[in-house]
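S.K.: Attaching a single structure in structure tokens format; questions to follow.
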Amino acid sequence: MNAIVPESVITATKVEDSRDRMGFLERLFGRYFILGESEVFDWMGQLTESYTGGYWEFYSLSNGGHFMAPRIGRVKIEAPNDFEGEVSEEAAGIIACMYALSHLAFKVSQRGGDTDALTEQYIALRAFAADHAERETILAAVD
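Here the numbering used here is used: the first residue of the sequence shown is 1, the next is one more, and so on.
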């Protein structure tokens, strides 16, 4: 008889060390890190009118994923799928990163590039989002 083993809880750890922050974007977006960072900023601007730039926190996930979140407090998100709702800055960052990863993977694939690393990051971040305290809101905003 096979026992069902529950999945372990995915945890997020804030990247504090400046040396670790230096390589963070490459861990999140691979060789497309410059485009990826720009995508996240652009998506945040599209998702909420109140975003005007600022400092972003970086997080590494225990499942190998990563995301970034702006220091903006709670914000109203208006997603392209007609979702509207208020979310924490962490949830806003997760949503923006999921849109950015998806959009960047599409752009890269259209140019014949390899999207495996971007897809893996998206899957890891979605798994984290599925167990997040704001999971219903995050998933409603991206699905």
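For each residue, glycine too, the CB sits at the ideal point set by N, CA and C.
(1) Please state whether DSSP places Gly36 in a helix, a strand or coil.
(2) Over what stretch of residues does the alpha helix (DSSP H) that includes Thr119 continue unbroken?
(3) Can you confirm whether the stretch 70 to 84 touches the stretch 29 to 39 when touching is taken to mean that 3 or more C-beta pairs between the two stretches lie within less than 8 Å?
(4) Taking 6 Å as the limit between beta carbons, can you name the residues of its chain near Leu139, skipping five residues before and five after?
(5) My understanding is that Leu35 touches Leu104, with C-beta atoms under 8 Å, so please give their C-beta distance in whole angstroms.
(6) Report the rounded CA-to-CA distance for Gly53 versus Gly112, giving the unit in angstroms.
(7) If the criterion is Cβ atoms closer than 8 Å, does the pair Leu47 and Ala96 meet it?
(8) What are the start and end residues of each continuous beta strand (DSSP E) run of 3 or more residues lying completely inside the stretch 21 to 104, in chain order?
(9) Specify the secondary structure class of Ala141 as computed by DSSP and reduced to three states.
(10) Tell me whether the beta-carbon of Tyr51 lies closer than 8 Å to the beta-carbon of Met44.
(11) Decide if Ala92 is buried, meaning its Cβ has at least 16 other Cβ atoms within 10 Å, or exposed.
(12) Please report the straight-line C-alpha distance between Pro6 and Gly73, rounded to a whole angstrom.
M.R.: This is what the structure holds:
(1) helix
(2) Asp116 to Ala129
(3) no
(4) none
(5) 6 Å
(6) 32 Å
(7) yes
(8) List check, beta strand (DSSP E) in window: 56 to 61, 66 to 70, 75 to 78 and 84 to 87.
(9) helix
(10) yes
(11) buried
(12) Because the pLDDT at Pro6 is just 47, under 50, the model does not fix this residue reliably, and the value given afterwards should be weighed accordingly. The straight-line gap from Cα to Cα measures roughly 33 Å.
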